[in-house]
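Q: Pasting in a structure now, in structure tokens, and then I'll have a few things to ask.
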Amino acid sequence: MSGFIKKFKSRHFGKATRKMTGRLSRNLRHKLRKLPNRKKHYGLIGHPLSHTLSPFIHKSIMKQCGIKGTYKSFDIAPEDFDTRVVELLDKLNGFNITIPYKERIIHLLDTLDENSTRYGAVNTVCNRKGYNTDILGFNACAIDFTNKKVLLLGNGGAARIMLPQALSGGPSEICICARDAEKTAKLISDTCRKKNSSSTNGNANTDAITNGDNCINNCTVYHADFRDVTGVYDVILNATPLGMWPHCNEIPVNEDIIKNAEYVFDSIYNPLATRLLLKARQYGVRADNGLVMLLQQALFAQQIWNSKADLSVFNMNQVLPRMNKKLFKHFPIKIVLTGFMGSGKTTIGKKLAKAMGIGFADLDLLIVEDNRKPISAIFKDSGEQFFRESEKKCLARIIKEPASLVVSTGGGALINPDNTAIVKESQGFIFYLATDLETSLKRVGDNQDRPLISGKDREHIEILYNKRLPVYNSISDFTVDATKRPDDVLNTIIEAIGY
Ligand code: NAP
């Protein structure tokens, strides 16, 4: 620390001075904060803040870009908000604001930048001025809206960011789908403008909207259950929490809408792949989660706080894998593999768990361990019914584990709807490793511990295969061609999960 700073600190911040002057003047604090090389203090204000990724993201950016300082979470209860924020405005060099305070902070600030004024929401504060870097983060995702038919789901904070950006991108049509008509009207009037009201058809209104330079004539607003929405849309933007952990089973739109799209953007990033993204990728539709948007908004916040820092050196690819690991740690997900015998569930399961750095469980092995004998012996001594009961018990037990896991199941396990329900209730994802019968039989060979096929003729096995096939197809969230090499199968699953 330079002599000047030492002198400055001892002159203004010595114990005696503090006793004499009580609280330091705001002006003085600002002066001190601006001194070069001083450790900076940043944070995140919100409620609740359990498992937030922001401290990790900001610390990573600061480390890579040589910014000295700290970044902490401040979980503030609504009744303490004003008092605590006034304190933090003085104490911190800058902070982020998240749900539910992005609007409430405004009255405590001196000024707002253009974006936060326009959207009425602040997510970054620096020198008592409010900014909105969520918008910049979404912009940085560079979604192509030119001449596209856009479906926007939701009318909350994320939709406020997405609607004007989509409109600026020159779409051919925008359809907003949300539950609350008044809230959607406010979304449009706050972020764009209705030019004139054109038509109403059932629960849909079509208007012309503009945000100054950009105008489209087809902005349709639906007030319906999302799953009732029909039509073909090029770009789908999910600005709702539908599908977010711990409600991973939810999917906002029906499969026809997803498979006809060109691109799907889900603002959610926990889980990394929502059911919406899995389905999109299944149909070969390009699809992204909200993780890059989250990282980008943090980068823009750091740039505001540290205008002289060179943030271009930040390498996102160094951070993303660690963020993925954190997400699987904080938000436990079960990835359950199903498929006919010989589809490679155990081999792929082990590889997948290793690649993702999470645990692996083999359901058949658990049953063998529980009963202390091979599966063929369980069938011989106690019959299939007993085996199925044991299978259900073991599945229920492993699914309850509080950590993320890859679980490989026996070929018949998820044929039982009770077992599928166990997986779905736990918000697990089912991956079906699809093989043709020939491949399965070749791989299984004459394995004697497969009581349902060993010693049986081809016709018997074919009946079993044809009975199971439609069930696998109907219960799975993602189907992989498992006749390919194990590494190709593994990569397909990893890409689908977005790991
Ligand atoms: P918000 O302001 O609470 O808005 C949520 C929207 O979803 C509202 O339109 C709400 O409609 C709708 N919604 C909620 N539950 C619904 C349901 N069951 N069925 C139909 N609609 C439902 O929240 P937000 O800030 O916009 O956040 C939305 C999502 O975006 C969250 O998952 C959040 O994590 C994510 N997000 C991500 C980033 C990022 O950087 N990646 C940034 C911001 C937000 P009602 O008003 O009718 O309830």
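The sequence shown begins at 0 in the working numbering and counts up one residue at a time. Yeah, the Cβ is synthetic: ideal placement off N, Cα and C, and Gly gets one too. Please read these numbers as outputs of a predicted model, since none were measured by experiment.
Could you name each continuous alpha helix (DSSP H) segment of 4 residues or more that falls completely within the segment 229-270, going from the start of the chain to the end?
A: 254-258
Q: Checking the sheet assignment: what are the DSSP bridge partners for T219?
A: DSSP, once it has assigned bridges, lists C174 and T205 as partnering T219.
Q: Is F225 a contact residue of the ligand NAP, with contact defined as CB to any heavy atom under 7 Å?
A: yes
Q: Note down, in chain order, each residue of its chain lying with its Cβ closer than 6 Å to the Cβ of F330, except the 5 sequence neighbours on either side.
A: The answer, listed in chain order, is W244 and N269.
Q: When you measure from the CB of G268 to every non-hydrogen atom of the ligand NAP, does any distance come out below 7 Å?
A: A small correction: the amino acid at residue 268 is Tyr; Gly does not occupy that position in the sequence shown. For the ligand NAP, at least one heavy atom lies less than 7 Å from the Cβ of Y268.
Q: In the structure shown, what three-state DSSP assignment does L88 receive?
A: helix
Q: With distances taken between CB atoms, is the gap from G409 to E390 smaller than 8 Å?
A: yes
Q: If you draw a straight line from the C-alpha of A180 to the C-alpha of N202, how long is it?
A: Going from the Cα of A180 to the Cα of N202 covers about 10 Å.
Q: Give the secondary structure of R192 by DSSP, where H, G and I count as helix, E and B as strand, and everything else as coil.
A: strand
Q: Could you say if the segment 374-393 and the segment 313-332 meet the contact criterion of at least three C-beta pairs nearer than 8 Å?
A: Segments in contact, no.
Q: Note down, in chain order, each residue of its chain lying with its Cβ closer than 8 Å to the Cβ of K128, except the 5 sequence neighbours on either side.
A: L108, D109, T110, L111 and D112
Q: Using the rule of at least 16 other Cβ atoms within 10 Å of the residue's Cβ for burial, across every protein chain shown, is L34 buried or exposed?
A: For L34, the pLDDT reaches just 46, beneath the cut-off of 50, and the residue's location in the model is therefore unreliable, although a value from the coordinates is still provided. Per the 10 Å Cβ criterion, exposed.
Q: Could you have a look at G136 and say whether DSSP puts it in helix, strand or coil?
A: helix
Q: Can you check whether the CB of V406 is closer than 8 Å to the CB of V335?
A: Yes. Within cutoff.
Q: State the Cα-Cα distance for the pair T273 and F430, rounded to the nearest angstrom.
A: Here the alpha carbon of T273 sits roughly 13 Å from the alpha carbon of F430.
Q: Out of curiosity, what's the CA-to-CA distance linking G356 and Q63?
A: For the pair G356 and Q63, the Cα-to-Cα distance works out to about 24 Å.
Q: Please determine whether the Cβ atom of T491 lies at a distance below 7 Å from any heavy atom of the ligand NAP.
A: no
Q: DSSP three-state call for C64: helix, strand or coil?
A: Three-state DSSP puts C64 in coil, outside helix and strand.
Q: Looking at C-alpha atoms only, which residue of T419, K483 and I75 is the closest neighbour of L432?
A: Checked all of T419, K483 and I75; the closest Cα to L432 is K483.
Q: For V149, tell me which candidate among V228, R117, N200 and L294 has the shortest Cα-Cα distance.
A: V228
Q: List the whole-angstrom C-beta distance separating F359 from K349, where the pair is believed to meet the contact cut-off of C-beta under 8 Å.
A: Sure, about 5 Å apart at Cβ, within 8 Å.
Q: Between the C-alpha atoms of E383 and V443, what's the straight-line distance to the nearest angstrom?
A: 20 Å
Q: Would you mind reading off the limits of the beta strand (DSSP E) that contains N146?
A: Per DSSP, N146 belongs to no beta strand (DSSP E) and is neither H nor E.
Q: Assign S306 to one of three DSSP states: helix, strand, or coil.
A: Note: S306 maps to coil in three-state DSSP.
Q: Work out the CA separation of F386 and L365 for me, nearest whole Å.
A: The straight-line gap from Cα to Cα measures roughly 12 Å.
Q: Could you tell me the distance, in whole angstroms, from the CA atom of N418 to the CA atom of T434?
A: 22 Å
Q: L326 by DSSP, collapsed to three states: which one?
A: Of the three classes helix, strand and coil, the one that applies to L326 here is helix, per DSSP.
Q: With 16 as the cutoff for other CB atoms within 10 Å, does H459 come out buried or exposed?
A: The C-beta of H459 has fewer than 16 other C-beta atoms within 10 Å across all chains shown, which makes the residue exposed.
Q: Going by other Cβ atoms of all chains shown within 10 Å of its Cβ, with 16 needed for buried, is P469 buried or exposed?
A: exposed
Q: Would you be able to state if there are at least three C-beta pairs under 8 Å between the segment 134-141 and the segment 150-164?
A: Yes: at least three Cβ pairs fall under 8 Å.
Q: What are the partner residues of L43, as DSSP defines its beta bridges?
A: In the DSSP output, where bridge partners are listed per residue, L43 has S72 and N95.
Q: What do you reckon, is the C-beta of D133 under 7 Å from a heavy atom of the ligand NAP?
A: yes
Q: State the Cα-Cα distance for the pair I377 and N370, rounded to the nearest angstrom.
A: So the two alpha carbons sit approximately 8 Å from each other.
Q: Relative to the ligand NAP, is the shortest distance from any of its heavy atoms to the C-beta of D287 smaller than 7 Å?
A: no
Q: What do you reckon, are the CB atoms on L436 and V422 nearer than 8 Å?
A: no
Q: Are the beta-carbon atoms of M322 and L290 separated by less than 8 Å?
A: yes
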